[in-house]
Structures are given as structure tokens and as C-alpha cells.
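Engineer: Below is one structure. I have some questions about it.
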Amino acid sequence: MRALTLLLMLVPVACGAAEIDYLQINLMQPRNLILQKVDGIEGMSKYVKEVELDIHKELSSIAAMPSWGYLVIAVREDGKIKAWLDTDDQIDSGIQNRMIEAAVTTPSFKVKTGAVIFALGFGINGADIPPNVMPFPEAWKSVSNCQGEDCKNENAEEIVLTSW
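Structure follows, in C-alpha cells:
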């Protein structure tokens, strides 16, 4: 029994508490369009920081396997927020739900017209985003009737406002 206990102590744990790193921010619209839609970048920047902090707090006590993805966020002119998780990795539904919940419950920044859409690229427990991967959530594919590379030319704002 002692030998088994010692052996188990030597085997590394496959998943530990979720350490999340934010690796990139993808603007899902042209930068100049986003700048026209917001009163300065400060409000958007503050929102992103608060979402990141809330997610870190929520996930710090949850065990998770290394994984990566994008938290895609849309903020509409009426202040409503919608979020999607886009990944090819297996991420526990509880983690997905907590990430989305953090995005939609954090007070939004002001948007003048339409919606502002961006994605937070993340890695959990050391995972990295593969090269040449762009966010395009599954829900968007059904709205836009596109798949794979066909989706890269789609208008994110039209898709988001249609899918709301």
C-alpha cells in the first residue's frame, strides 16, 4: 500500500487548477470602424481587464486540462453583451459557462451604433493557440451558412446582429 501511495505521488497530475493566460485580442471588425463606434478605447480596455480578472477569479479553483480557445464578445449599442466560446479543444462545459457568464455580466462600455465585436485568445494551463487560427464560433456558421475558409470574408457585425 505504501509503495502504491509513493508511486501516485511521483506521477504528475494531468490537470490542476485552471491557470489562464490571455494570449491575444482579435478585433473582429476593422480597427478604424471600432474606433468610430466607441468614445475612446479606454472604456473597452477597462471592460476587457475586468472580464479577464473575473474569469481568472472564477477559474482559479477549478481543475482543467491544458486547452486553448477564443472568447468572442459582442457589445451592442443598447449595452447588451453576447459571448461565444470558440475552440477545437475539449473544454469542460462548466469552464465555458463561467467564461461566457463573466463576459455578459461585466458592465459594458458605450457603443454608439451597431455592435463592437472582438475575441480574447486564451490558453489554459500552458496551452497555446495554434498558428493561423481565427475565431468564428459555430453559432455564427449556422447563421452565415459558411464553413471553414469560406467564413473569413463574412461580416461579423451582420452575423452578430442577426444571431442576437
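So the sequence shown is numbered by this note's numbering: it starts at 5 and just counts up by one. Glycine included, each C-beta is placed from N, C-alpha and C at the ideal position.
If you compare alpha carbons, which of P70, L75 and V115 is closest to Q94?
Structural biologist: Closest option to Q94, judged by alpha-carbon separation, among P70, L75 and V115: P70.
Engineer: Taking 8 Å as the cut-off, decide whether the C-beta atoms of F113 and V79 are in contact.
Structural biologist: yes
Engineer: State the Cα-Cα distance for the pair T110 and F122, rounded to the nearest angstrom.
Structural biologist: 15 Å
Engineer: Could you say which of A107, Y74, E142 and K86 lies nearest to G127 if we only look at CA atoms?
Structural biologist: Y74
Engineer: Under 8 Å: do the segment 49-67 and the segment 138-157 share three or more Cβ pairs, one atom per stretch?
Structural biologist: no
Engineer: Between A7 and the rest of its own chain, which residues show a CB-CB distance below 6 Å, the 5 nearest in sequence each way excluded?
Structural biologist: Bear in mind that a pLDDT of 38 at A7, under 50, signals an unreliable position, so the number given afterwards is only what the model happens to contain. There are no such residues.
Engineer: Identify every run of the beta strand (DSSP E) within the segment 35-87, keeping only runs that are complete inside it and at least 3 residues long; order them along the chain.
Structural biologist: 71-80
Engineer: Is Q100 helix, strand or coil by DSSP?
Structural biologist: helix
Engineer: Under 8 Å between the Cβ atoms of A160 and Q33?
Structural biologist: yes
Engineer: Identify the continuous beta strand (DSSP E) that holds L160 and give its terminal residues.
Structural biologist: As written in the sequence, residue 160 is Ala, which differs from the Leu given in the question. Element bounds for A160: not the beta strand (DSSP E) but the alpha helix (DSSP H), A160 to S167.
Engineer: Helix, strand or coil for G125 per DSSP?
Structural biologist: strand
Engineer: In this structure, does DSSP put D1 in helix, strand or coil?
Structural biologist: The structure shown does not extend to residue 1, since the chain spans only 5 to 168, so no value can be given for it.
Engineer: Starting from the Cα of D25, find the closest Cα among G125, A107, D154 and V42 and give me that residue.
Structural biologist: Ranking G125, A107, D154 and V42 by Cα distance to D25 puts G125 first.
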